[in-house]
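Trainee: In the numbering used here, the protein residues as written are 101 to 174.
All C-beta atoms, glycine included, are put in the ideal place defined by N, C-alpha and C.
Given below as structure tokens:
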């Protein structure tokens, strides 16, 4: 939740997910890319939507989410 709140405070309204190769066959590495929802990208998820908690609400052993620290820097 702190990450979501920090992104909202920075003016971001949506995030996208980009799948990376984690090198681990049982865990996906997912890069979080903040944005403002421009365009009609299928995986654009509003930060204000409840579905965001499906990804960040509980840590999943099947996926590891990473975000570039520059998005959260003050």
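In angstroms, rounded to a whole number, what distance separates the CA positions of residue 162 and residue 123?
Mentor: Those two C-alpha atoms are separated by around 13 Å.
Trainee: From residue 103 to residue 134, what distance separates their C-alpha atoms?
Mentor: Whole-angstrom Cα-Cα distance: 11 Å.
Trainee: If you drop the 5 nearest sequence neighbours on each side, which residues of the same chain put their C-beta closer than 6 Å to that of residue 167?
Mentor: Counting only Cβ-Cβ distances below 6 Å, and skipping sequence neighbours, we find 132.
Trainee: Do you know how far the Cα of residue 150 is from the Cα of residue 116?
Mentor: Roughly 15 Å between the two C-alpha positions.
Trainee: Please work out which residues of its chain come closer than 6 Å, Cβ to Cβ, to residue 108, disregarding the five sequence neighbours upstream and downstream, and give them in chain order.
Mentor: These residues qualify, in order along the chain: 147.
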